[in-house]
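*Asks:*
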Amino acid sequence: MNTKTRIVILILVGLLITALISRNGDAAWMMLPFLAYFGTGILLTPARDKTKLQVTRGLEQNRVDGSPSVETTITIKNLSKDTVHLKMRDEQPGDMIVLDGETTRHATLRPSESTFLHYTFTAPRGDFAWESVHVEVGDPLGLITTEMTIPATGSIQIRPHYRKFKAIPLRPRSTLHAPGSIPARLGGSGTDFYGIREYHPGDPLHSLDWRMTARHPRKFFTKEFEREEIAEIGMILDARPNTELRIGDDSLFEHSVGAAASLAEMFLHQGHRVSLLVFGKRMSIAFPGYGKTQLNRIMNCLAKARVEGEERSSAHIDFLPIRMFPSKSMIIVFSPLASTDRSLYQRLKASGYQALLVSPNPIDFARPILGKDEYTRMAVRTALVERRLQLDSIAQLQVPVIDWKVNQSLYPLLRNAMTHSRLERVQGD
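Counted from 1, the sequence shown has number 471 at position 374 by my numbering; the numbering is strictly sequential.
(1) Less than 8 Å between the C-beta atoms of residue 356 and residue 232, yes or no?
(2) Beta-carbon within less than 8 Å of residue 463's beta-carbon, same chain only, minus the 5 sequence neighbours each way: which residues are those?
(3) How is residue 430 classed by DSSP in three states: helix, strand or coil?
(4) Residue 364 lies in the alpha helix (DSSP H); which residues open and close that run?
(5) Have a look at the DSSP bridge pairing and note the partners of residue 451.
(6) Count Cβ pairs between the segment 173 to 184 and the segment 146 to 165 that sit closer than 8 Å; are there 3 or more?
(7) Would you report the Cα separation of residue 364 and residue 312, rounded to the nearest angstrom?
(8) Buried or exposed: residue 327, going by 16 or more other Cβ atoms within 10 Å of its Cβ?
(9) Going along the chain, which residues of its own chain have a beta-carbon closer than 6 Å to the beta-carbon of residue 202, five neighbours each way excluded?
(10) So what does DSSP say about residue 95, is it helix, strand or coil?
(11) Closest to residue 503 by C-alpha separation, out of 234, 351, 161 and 399, would be which residue?
(12) Please report how far the alpha carbon of residue 302 lies from the alpha carbon of residue 266, in whole angstroms.
(13) Let me see if you follow: with CB-CB separation under 8 Å, is residue 329 close to chain C or not?
(14) Starting from the C-beta of residue 160, find all residues in its chain whose C-beta is less than 6 Å away, skip the five residues before and the five after it, and write them out in chain order.
(15) Since residue 460 is in the alpha helix (DSSP H), which residue starts that stretch and which ends it?
(16) Taking the alpha carbon of residue 434 as the point to measure from, which residue in 419, 335 and 299 has its own alpha carbon closest?
(17) Which whole-angstrom value is the C-beta distance of residue 400 and residue 224, which I expect to be below 8 Å?
(18) For the alpha helix (DSSP H) containing residue 400, name the first residue and the last one.
(19) Compute the beta-carbon to beta-carbon distance between residue 330 and residue 370, rounded to the nearest angstrom, for a pair I have assumed lies under 8 Å.
(20) List the endpoints of the continuous alpha helix (DSSP H) containing residue 309.
(21) Please state whether the Cβ-Cβ distance between residue 216 and residue 230 is less than 8 Å.
(22) Looking only at its chain, what residues have a beta carbon closer than 6 Å to the beta carbon of residue 436, apart from the 5 residues adjacent to it on each side?
(23) Given a cut-off of 8 Å on the beta-carbon distance, is the pair residue 499 and residue 514 in contact?
(24) Please classify residue 299: is it buried, with 16 or more other beta-carbons within 10 angstroms of its beta-carbon, or exposed?
(25) Based on DSSP bridge pairs, tell me the residues matched to residue 163.
(26) Could you pull the DSSP bridge partners for residue 490 from this structure?
(27) Report buried or exposed for residue 226, applying the criterion of at least 16 other Cβ atoms within 10 angstroms of its Cβ.
(28) For residue 187, count neighbouring C-beta atoms within 10 Å of its own C-beta (all shown protein chains included) and say buried if the count is 16 or more, exposed if not.
Okay, here's the thing in structure tokens:
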């Protein structure tokens with residue numbers, strides 16, 4: 098029963114009461130037009146079981162990067178034999194914002210006729226799904242309506258926005274025996290000269306070193322080139338609630354997600370094998386893999402990553418399952434850091450991993466909302482000193498540390514950290 102029906106009924110009841118109290122036939126005669134109006138609406142209302150509608154939903158694309166505008170079109174077709182008067186309404190899941198178009202429409206459909214509902218929306222990172230469309234079918238006068246929920250499924254995944262970084266040359270302590278771009282310090286196929294050894298049957302003739310052979314009669318020598326292989330890279334994304342900081346619509350965690358997505362795209366484009374662990378109240382894992390398929394898996398994990406609720410005991414850093422990463426991997430951790438996190442890097446080093454920390458700076462991130470008084474400045478200085486000491490204690494474990502102010506570009510900081518990491522590795526050898 099809609100508002101128009103209630104008004105007509107109230108008028109009829111009011112006229113009836115007036116006629117009974119005043120015993121005036123004129124008031125009773127005034128009821129006739131409203132009764133005719135109401136009766137016409139009832140007679141013209143289509144039966145629910147005879148109303149057949151078909152609804153389909155079309156999305157511009159099912160997976161998008163970042164938060165762009167996405168177009169969706171809903172088509173409703175009248176499959177019944179009678180003309181249908183309807184109102185259709187589509188509800189948006191989650192935090193979607195409609196930018197253009199309409200989500201509600203009135204239409205009159207003859208048999209086999211269709212109408213469309215078209216709008217453009219934007220949404221934050223995450224998975225969104227539609228199950229149905231709400232339809233109200235009624236008479237031409239709009240008195241009697243029947244609500245129907247018609248299935249119209251659809252889903253879309255908003256993936257994190259990432260920047261395409263230029264390739265950074267890596268020198269990990271260990272490589273995978275697969276063709277790549279990293280000098281492996283082993284003889285094999287490559288482009289850089291590595292050494293000379295005695296000829297073995299089966300060596301290609303074009304690799305013979307004729308000068309060395311001329312100096313040693315009855316012996317042949319072969320040139321060796323340095324083999325180029327790929328790296329094993331694992332990424333850990335900290336999704337614990339005690340490391341999250343949100344200012345308005347901006348989130349420190351979102352910057353970490355974007356950085357992880359950018360590095361995953363860069364490493365996979367270079368041909369490396371990459372894996373991901375999102376660690377928080379809920380863990381999400383993308384096991385090691387290559388290429389575009391692995392990039393889709395990682396983006397899927399990052400799209401679903403959330404900082405949720407209170408931290409459970411199982412979400413403590415000591416329970417981090419680092420053994421999911423292959424041995425001797427290069428591990429990149431994205432974390433603003435908590436006070437007890439040093440133990441993680443001790444475990445990584447003890448287990449033979451080559452670690453690197455990318456730490457978004459929460460103090461610099463919070464500066465816009467901090468006060469300007471003397472006490473606040475002293476508190477900020479104290480927090481900065483404490484953070485500096487914590488980062489230094491991790492750096493003492495020979496773990497390169499990036500103290501990342503999120504308003505700065507990460508790429509040059511990462512490139513410098515990788516350079517220092519190579520220097521440490523060379524000195525260690």
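Glycine included, every Cβ here is placed at the ideal spot set by N, Cα and C.
Quick caveat, the model's predicted, so the values are computed rather than measured.
*Replies:* The short version:
(1) Against the sequence shown, residue 356 aligns to sequence position 259. Against the sequence shown, residue 232 aligns to sequence position 135. No, they are not a contact pair.
(2) As a position in the sequence shown, residue 463 is number 366, starting the count at 1. 342 and 344.
(3) Translated into positions along the sequence shown, residue 430 becomes position 333. If DSSP states are grouped into helix, strand and coil, residue 430 belongs with the strands.
(4) On the sequence shown, residue 364 is found 267 positions in, with the first residue counted as 1. Counting along the chain, the alpha helix (DSSP H) containing residue 364 begins and ends at 349 to 366.
(5) Numbered from its first residue, the sequence shown carries residue 451 at position 354. The partner list for residue 451 (beta bridge, DSSP) reads 427.
(6) yes
(7) Within the sequence shown, numbered from 1, the residue matching residue 364 stands at position 267. Within the sequence shown, numbered from 1, the residue matching residue 312 stands at position 215. If you take the alpha carbons of residue 364 and residue 312, they lie about 45 Å apart.
(8) Mapped onto the sequence shown, residue 327 falls at position 230. Buried, because 16 or more other Cβ atoms sit within 10 Å of the Cβ of residue 327.
(9) Within the sequence shown, the letter at position 105 stands for residue 202. Here residue 202 has 185 and 214 as same chain residues with Cβ atoms under 6 Å from its own Cβ, once five neighbours each way along the sequence are excluded.
(10) The question about residue 95 has no answer, for the chain in this structure spans 98 to 526.
(11) Indexing the sequence shown from 1 puts residue 503 at position 406. Nearest of 234, 351, 161 and 399 to residue 503, Cα basis: 351.
(12) In the sequence shown, residue 302 corresponds to position 205, counting from 1. In the sequence shown, residue 266 corresponds to position 169, counting from 1. The alpha-carbon atoms of residue 302 and residue 266 are separated by roughly 32 Å.
(13) The question asks about chain C, but that chain is absent: this structure has only one protein chain.
(14) Locating residue 160 in the sequence shown gives position 63, where the first residue counts as 1. Only 254 meet the Cβ criterion.
(15) Counting from 1 along the sequence shown, the entry for residue 460 is found at position 363. Run containing residue 460: 459 to 463, per the alpha helix (DSSP H) assignment.
(16) Here residue 434 is taken as the residue at index 337 of the sequence shown, counted from 1. For the residues 419, 335 and 299, the minimum Cα distance to residue 434 belongs to 335.
(17) Along the sequence shown, read from residue 1 onward, the residue named residue 400 stands at position 303. Along the sequence shown, read from residue 1 onward, the residue named residue 224 stands at position 127. Indeed they touch by this definition, with Cβ atoms about 6 Å apart.
(18) Looking up residue 400 in the sequence shown gives position 303. Start and end: 388 to 401.
(19) On the sequence shown, residue 330 is found 233 positions in, with the first residue counted as 1. On the sequence shown, residue 370 is found 273 positions in, with the first residue counted as 1. The C-beta separation of residue 330 from residue 370 comes to about 7 Å, placing the pair in contact by the 8 Å criterion.
(20) Along the sequence shown, one-based indexing puts residue 309 at 212. Here the alpha helix (DSSP H) through residue 309 covers 307 to 312.
(21) Taking the first residue of the sequence shown as position 1, residue 216 is located at position 119. Taking the first residue of the sequence shown as position 1, residue 230 is located at position 133. Taking 8 Å as the Cβ cut-off, residue 216 and residue 230 do not qualify as a contacting pair.
(22) By one-based count along the sequence shown, residue 436 stands at place 339. Result list for residue 436: empty, nothing under 6 Å.
(23) Taking the first residue of the sequence shown as position 1, residue 499 is located at position 402. Taking the first residue of the sequence shown as position 1, residue 514 is located at position 417. In this structure, residue 514 lies closer than 8 Å to residue 499 by Cβ.
(24) Residue mapping note: residue 299 aligns to position 202 of the sequence shown, counting from 1. Exposed is the label assigned to residue 299, since fewer than 16 other Cβ atoms lie within 10 Å of its Cβ.
(25) What you label residue 163 is simply residue 66 of the sequence shown in a count that begins at 1. Note: residue 163 sits in no beta bridge, so no partner.
(26) Taking the first residue of the sequence shown as 1, we reach residue 490 at position 393. Answer is none; residue 490 lacks a bridge partner.
(27) Start at 1 with the first residue of the sequence shown, and residue 226 comes out as number 129. Per the 10 Å Cβ criterion, exposed.
(28) Position 90 of the sequence shown, counted from the first residue, corresponds to residue 187. Buried: at least 16 other Cβ atoms inside 10 Å.
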